[in-house]
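Notes follow once the structure below has been shown.
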């Protein structure tokens, strides 16, 4: 039986480095691989790309209710925006994480008040439950859903669920803390190698279609 | 309705798909799929398949999905799952039966209208993926019979309808002769070097609708245009090879078309009221020939009529009285943003214009374009039933006349109004313009 301290020191020490090397290295590899594919068979893509139309398209799609399809799906729109914002904001601004950075590198920044962080965590968890129910209930989503969709949803939800239980010291604080660190690391490492890759590719696919609609088709894409 | 759609599918027998798929072996399928995937596709297909999170938000975009009672297998991502998704997952190891079905899905359940690209938060271009499926099926020789016949015609005659050179010239002269009854000095000038523009049409015009050439001639002569039509191959701007995935023949056609204009030393090409031909000349065929934009300035009839009306070269005697609605064709609206010019033209010609909803870029597809109507009689019932939403959309306007500047939209909606008993007639812009304009005596 490995004791808590050994495990904690490993996961919050060497494993963090491994995680970031895999996450950042993997992400660079995926983008490099995609660009090599462009160079191999689809060089014409460069002739389409336009900063103006890429940004025009991205701005519309990252603004809630700014596109026809966001307006057609108000619940999904709120859920997906809140979820994704939570996913980015929480790990960066939760006090426990900033304390770790401070301990390691003596740097710190603004943190979320604890009560608010707790509420956001719960909201993100609720969003995950809604995503899960969508997959079970909505015909058009259910038809497309594969096991991997549940796996990536679980990967994204796990750090929040375990973090919530750890913060509230539910039964065994150490147990949840270990799981929390581990699940966070799994999520980061999974980004380049699962469909969580949309975090890397979305901006590229959006830019391309935005450029094509703006520059060639002279039409809106939202 | 979902059950009904399944029943329809089971009944359909297409000789091209049947015969083609019987010739296949699994080895050949695997080889061809992997050749296309590694040799012809790249970052787009890779990023689309790796990025799609199966959220289902694209479903809302598709008229086939909406018309078949929201049956999820007809959603854009549903069609990807049933075709290219499976091919990629199984690394090309799929059966001849699978290829037959994939060809039917890509050729008859998707109009490559690109409406779904506007509904996907990532901008995934499902139409491109369906075109890739068609390309694979073409290389395997499994394409619906009727559209394959038009592709053969393109290959042999450089036009879509097996029109022979003498028949083409004869048809133009016949229209010229008829039109001279109405306008005595009218000409349809053939091979006039250095004219301002070459007018190009799709082959179904001389074949079935020569009156459209007649009307165009009246409009051009009235406006005092310096124009010409080629007497030789290259006069047809249409392109079914683009939709079967026979990209080599597509490129050859486009070369004939551009070269006809170059031989005639015209300043530009004006294209008739056709959508898919515009897509081929403006956005697809030119690129296959390595021109990012067409090598000769070219405009669609909408732009041309817009210029004529703006410049006062065509004057309106009395605006068209009947109520009209506008159907925005995908290839010139989502494909070229001509919707506002289209509205200007129609409002100049007609008194009572009623918009259908949704409209402009968001208009529902006619379900005929993208080569779907060209797959012919075996699929007609399925095609019409899979656009019930369009019938609802147009009948909600209560308009008497539907105007659409596209041949495929025109033919597709003729079928829809007759099948769903919508009390409406369909016209081209030139039909109306011819009727309401001031003509020389």
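Residue numbers (my numbering), protein chains in the order written: chain A, 1 to 222; chain B, 1001 to 1441.
Heads up, the beta-carbon is just placed ideally off N, CA and C, and yes, glycines get one too.
Bear in mind that the values here come from a model prediction, so they are computed numbers and not experimental data.
DSSP places residue 125(A) within a helical segment (H, G or I) once states are collapsed to three. Taking a beta-carbon distance threshold of 9 Å, residue 1060(B) counts as an interface residue toward chain A.
Burial state of residue 14(A) is exposed, judged by a 10 Å Cβ sphere holding fewer than 16 other Cβ atoms. Any Cβ of chain B closer than 9 Å to the Cβ of residue 169(A) would place that residue at the interface, and such an atom is absent. If you compare the alpha carbons of 1344(B), 1171(B) and 1053(B) with that of residue 200(A), the shortest gap goes to 1053(B). In this structure, residue 222(A) lies away from residue 84(A), with their beta-carbon atoms at least 9 Å apart. 1119, 1121, 1122, 1123, 1124 and 1125: these are the residues of the stretch 1119-1137 of chain B whose beta carbon lies less than 7 Å from some beta carbon of chain A, given in chain order. Scanning chain A for C-beta atoms nearer than 8 Å to the C-beta of residue 1048(B) yields 205, reported in chain order. The residue from 5(A), 220(A), 28(A) and 206(A) with its alpha-carbon nearest to that of residue 1125(B) is 206(A).
Proximity of residue 1071(B) to chain A, defined by a Cβ-Cβ separation below 9 Å, is satisfied. When Cβ-Cβ separations below 9 Å define contact, residue 1053(B) makes contact with chain A. Around the beta carbon of residue 48(A), a 10 Å sphere encloses 16 or more other beta carbons of the protein chains shown; the residue is thus reported as buried. Of the candidates 126(A), 121(A) and 90(A), 90(A) places its Cα closest to the Cα of residue 111(A). Against chain B, a Cβ distance below 8 Å from residue 28(A) picks out nothing, because the smallest value is about 16 Å. Excluding sequence positions up to five before and after residue 40(A), its CB lies less than 6 Å from no other CB in the same chain. Contact check for residue 1271(B) and residue 1200(B): beta-carbon distance about 6 Å, within the 8 Å limit, so the pair qualifies. Every unbroken stretch of the alpha helix (DSSP H) spanning 4 or more residues and falling wholly within the stretch 32-81 of chain A is given here in chain order: 44-48, 51-61 and 68-72.
Annotation: residue 1366(B) is outside any alpha helix (DSSP H) and is labelled neither H nor E by DSSP. In this structure, residue 1223(B) sits near residue 1308(B), with a CB-CB distance shorter than 9 Å.
Taking 9 Å as the cut-off, the Cβ atoms of residue 1331(B) and residue 1376(B) do not count as close. Between residue 1143(B) and residue 1095(B), the beta carbon gap of about 18 Å keeps them out of contact (Cβ cut-off 8 Å). Interface criterion met: the Cβ of residue 41(A) is under 9 Å from a Cβ in chain B.
Taken through DSSP and simplified to helix, strand or coil, residue 1146(B) comes out as helix.
Sorting 23(A), 5(A) and 72(A) by C-alpha distance to the C-alpha of residue 184(A) places 23(A) at the top. Residue environment: residue 106(A) is assigned as exposed (fewer than 16 neighbouring CB atoms within 10 Å of its CB, all protein chains considered). Taking 8 Å as the upper bound for CB-CB distance, residue 1105(B) and residue 1197(B) are not in contact here, some 40 Å apart. By the rule that beta-carbons nearer than 9 Å mark a contact, residue 1064(B) does not touch chain A. Chain-ordered, the chain B residues with CB closer than 9 Å to the CB of residue 38(A) read 1042, 1043 and 1044. Assignment of residue 145(A) by DSSP, reduced to helix, strand and coil, places it in the coil class.
Chain A places a beta carbon closer than 9 Å to that of residue 1075(B), counting this residue as a contact. Sorting 1304(B), 1076(B), 1329(B) and 1413(B) by C-alpha distance to the C-alpha of residue 1433(B) places 1304(B) at the top. For residue 1402(B), the enclosing beta strand (DSSP E) covers residues 1401-1403. Leaving aside the five residues that flank residue 70(A) on each side, the residues in its chain whose CB is nearer than 7 Å to its CB run, in chain order, 64 and 77. About 7 Å separates the Cβ atoms of residue 1204(B) and residue 1160(B), confirming a contact at the 8 Å cut-off. Selection 203(A), 26(A), 5(A) and 92(A) evaluated against residue 1123(B) yields 203(A) as nearest (Cα-Cα). Contact note: residue 1057(B) reaches chain A through 69, 73 and 76, using a C-beta cutoff of 8 Å and chain order.
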